[in-house]
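**Q** Counting in the working numbering, the final residue of the sequence shown is number 314, and the numbers go up one at a time with none missing.
Glycine included, C-beta positions come from ideal geometry on N, C-alpha and C.
Keep in mind the model is a prediction, meaning the values are calculated, not measured.
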Amino acid sequence: MVCDHDMVISLEKPGTDGLDEAVDALREWQSEGVAWQLHPGDLGWFQRSGTEATAAAVRIWRRDGRILAIGLLDGADLLRLTTAPDVRHDEDLARRLTEDVIAPERGVLPSGKVSVEAPEDALIQDLLPGHGWRTDEPWTPLRRDLTEPVKAPDLRIETIGPDKGHVWAGVIRASFDGSTFTAGKWHAMTAGAPYTDARCLVGYDGQGEAVAAVAVWSAGPGKPGVLEPMGVHRDHRGHGYGRALTVAAAAALQELGSSSAGVNTPSSNVAAVATYESGGFQRLPEVRDLTRDA
21 MVCDHDMVIS
31 LEKPGTDGLD
41 EAVDALREWQ
51 SEGVAWQLHP
61 GDLGWFQRSG
71 TEATAAAVRI
81 WRRDGRILAI
91 GLLDGADLLR
101 LTTAPDVRHD
111 EDLARRLTED
121 VIAPERGVLP
131 SGKVSVEAPE
141 DALIQDLLPG
151 HGWRTDEPWT
161 PLRRDLTEPV
171 KAPDLRIETI
181 GPDKGHVWAG
191 VIRASFDGST
201 FTAGKWHAMT
211 AGAPYTDARC
221 LVGYDGQGEA
231 VAAVAVWSAG
241 PGKPGVLEPM
251 GVHRDHRGHG
261 YGRALTVAAA
271 AALQELGSSS
281 AGVNTPSSNV
291 AAVATYESGG
301 FQRLPEVRDL
311 TRDA
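What follows is the structure, given as structure tokens:
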């Protein structure tokens, strides 16, 4: 634990025992109309690397015992950061976050080129540029409202259980260049606390081939859910399977009680943005990471 006794706010690594507390806080913070940056599903997807690796990648900031902010080191050079909605403009928290992010010795981000994702309305967005940070490439958030019934797609969809984790893993591996996703990683992912509110879906073509896969993550009834990841097998693209699975994902989140379905994709990935829009998702204003070049 890193703690400056001259300050009220402390920074800590939660350990495996503290992961559930972080997930619970992230669930609590999700609501419609609040800028979303880190979702319980993000920790759930990271859980594919195992509980110990996930705990090692999480950072928690507290004041008087209350969790104010949570960060996920999504790789060595990217911190995905969010705060409780009511402290987005808390000056003490913003200063502490900035100090911890810019100083490699604090154990949040290393030296060299690194990036931070933070809510657009968080005060840290105003402070980091004063320390040499700049905006990076844009991302496009998309959202589908789930208050109206979602019509099932014309594609056979299966909810995957432990006996077919290898099928889901195989489609994801064939959907992303360089992916090393395995059945073992699927089992590690689904063993984590966030998967309590999640589902893995696979779409099959008319010949019974698994052609697309998606994971959906709820944050609880009445709260926004997310898709992470969604992929179409490289040998089965161009047939509308991505659109169909996107609709199926929205329907699954609706069954889980989610108020909306959300996804983020690089704006440069025009095909992905178009796929989500064809599945009833609406494009929201672009967001950008903050990056330090050295």
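Threshold first: 3 residues or longer. Then list the beta strand (DSSP E) segments lying entirely within the region 215 to 270, N to C.
**A** 218 to 224, 230 to 237 and 244 to 252
**Q** In whole angstroms, give me the CA-to-CA distance for Trp159 and Leu310.
**A** 12 angstroms
**Q** Report the three-state DSSP secondary structure of Thr210 (helix, strand or coil).
**A** helix
**Q** Does the beta-carbon of Asn289 have 16 or more other beta-carbons within 10 angstroms, so that it is buried, or is it exposed?
**A** Per the 10 Å Cβ criterion, exposed.
**Q** What's the C-alpha gap between Tyr215 and Phe66?
**A** 11 angstroms
**Q** Roughly how many angstroms separate the alpha carbons of Val136 and Tyr261, rounded to a whole number?
**A** 33 angstroms
**Q** Taking Pro105 as the reference, give the member of Ala96, Val78, Ala55 and Arg82 with the closest Cα.
**A** Ala55
**Q** Would you call the region 273 to 291 and the region 121 to 128 touching, i.e. three or more CB-CB distances under 8 angstroms?
**A** no
**Q** Pull up the DSSP beta-bridge partners for Asn289, would you.
**A** DSSP, once it has assigned bridges, lists no residue as partnering Asn289.
**Q** At the level of alpha carbons, what is the spacing between Ala233 and Glu111?
**A** 42 angstroms
**Q** Do Ser195 and Val283 have their C-beta atoms within less than 8 angstroms of each other?
**A** no
**Q** In chain order, which continuous runs of the beta strand (DSSP E) of length 3 or greater are located wholly inside the region 160 to 198?
**A** You should have 176 to 179.
**Q** Grab me the residues of Glu297's own chain with a C-beta within less than 8 angstroms of its C-beta, minus the 5 sequence neighbours each way, in chain order.
**A** Closer than 8 angstroms at Cβ, skipping near neighbours: Leu162 and Arg303.
**Q** Going by beta-carbon coordinates alone, are Arg100 and Leu58 separated by less than 8 angstroms?
**A** For the 8 angstroms CB-CB criterion, Arg100 and Leu58 form a contact.
**Q** Taking buried to mean at least 16 other C-beta atoms within 10 Å of its own C-beta, is Lys133 buried or exposed?
**A** exposed
**Q** Does Thr210 pass the burial test, meaning 16 or more other C-beta atoms within 10 Å, or should it be called exposed?
**A** buried
**Q** Return the residue from the list Ala114, Ala271 and Ala272 that minimises the CA-CA distance to Arg139.
**A** The sequence given here places Pro at residue 139; Arg does not occur at that position. The residue among Ala114, Ala271 and Ala272 with its C-alpha nearest the C-alpha of Pro139 is Ala114.
**Q** Do the CB positions of Thr315 and Ala89 come within less than 8 angstroms of each other?
**A** Missing from the structure shown is residue 315; the chain here goes from 21 to 314 and no further.
**Q** Taking only beta-carbon atoms, is Arg116 less than 8 angstroms away from chain B?
**A** Protein chain content of the structure displayed is limited to a single chain, and chain B is not contained in it.
**Q** Determine the direct distance from the alpha carbon of Leu92 to that of Arg263, and round the result to whole angstroms.
**A** 29 angstroms
**Q** Run the CB neighbour count on Lys205, radius 10 Å, all protein chains shown included, and call it buried at 16 or more, exposed below.
**A** Counting every other CB atom within 10 Å of its CB across the protein chains shown gives Lys205 a total of 16 or more, marking it as buried.
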